[in-house]
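These notes concern the structure reproduced below.
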Amino acid sequence: MPDTLSDDALDRLFRTARSYNAYLDEPVSDAQLRAIWNLMKWGPTSANQLPARFVWVRSDEAKARLADCVSENNKAKILSAPVTAIIGMDLDFPEHLPRLFPHTDARSWFAGNEPLIHASAFRNSTLQGAYLILAARAVGLDSGAMSGFDNDAVDAAFFPDTRIRSNFIVTLGRGDPASIFDRLPRPDFEDYNKIV
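Taking full-length UniProt numbering, the leading residue of the sequence shown gets 1, the next gets one more, and so forth.
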């Protein structure tokens, strides 16, 4: 079994990491966004489906378009974050399976089965969005995931004329410690788990 990560690494990824509501005035570079991708792309998805598609919202114009699609209490978060990632799910992901999962005809599993396509795209793009959060933490950035937005409006603004649908969004940057709440409770293992 591989060695456990150091306590410092576990703290950064999980124990002391927080969801931020505001960020320090520090840019997020293309190199940092690429570093996030180059880590998160290795996270597992069913049959290597990789259905997530990402839009990295950084320009003032794009931030304003996205802010028009979110709930009132999320507008300032979008406008002030250095970058917001829109995690979309490509409902045409089966077309890529001959390249991504070449040892069997995985594309045929989905032919004509829109409910299965949607369920698989949603499940696996959600996983990929979680990997994005962990990868951002691993490269020294903070994040704030949110679902308070109008999916149809985001899709029209950022995924027009495609079969990509928005799943959730994540702000990224160096978090402002003044923007976080007190640490919320986390249950003990016995509260939510059983071993059978």
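Just so it is clear, CB atoms sit at the ideal spot from N, CA and C, and this is done for glycine as well.
- Of the candidates K194, R186, V170 and R123, the residue whose Cα lies closest to the Cα of F54 is V170.
- The Cβ atoms of P51 and F110 lie no closer than 8 Å to each other.
- Taking a C-beta distance under 8 Å as the contact criterion, L127 and A47 do not qualify as a contact pair.
- By the neighbour-count definition (other C-beta atoms within 10 Å, threshold 16), L10 is an exposed residue.
- Under a 10 Å Cβ-count criterion, N124 is classified as buried, with 16 or more other Cβ atoms of the shown protein chains found around its own Cβ.
- Residues of the same chain with a CB within less than 7 Å of the CB of R65, apart from the 5 flanking positions on each side, are A157 in chain order.
- Contact check for L141 against V28 passes: the beta carbons are separated by less than 8 Å.
- Approximately 5 Å separates the beta-carbon atoms of M40 and L132; this is inside 8 Å, confirming the contact.
- When secondary structure is reduced to three states using DSSP, G129 falls in the helix class.
- With a beta-carbon spacing of about 7 Å, F149 and S71 fall inside the 8 Å limit used to define contacts.
- DSSP places R165 in the uninterrupted beta strand (DSSP E) bounded by I164 to G173.
- Burial check for V196: the Cβ neighbour count within 10 Å stays below 16, so the residue is exposed.
- The C-beta of D90 has 16 or more other C-beta atoms within 10 Å across all chains shown, which makes the residue buried.
- The three-state reading of DSSP puts V196 in coil, since its state is none of H, G, I, E or B.
- Residue environment for K77: buried (at least 16 other C-beta atoms within 10 angstroms of its C-beta).
- In this structure, the straight-line span from the alpha carbon of P177 to that of R137 is close to 15 Å.
- In the structure shown, the three-state DSSP call for D90 is strand.
- Bounds of any beta strand (DSSP E) do not take in D8; it lies within the alpha helix (DSSP H) bounded by D7 to L10.
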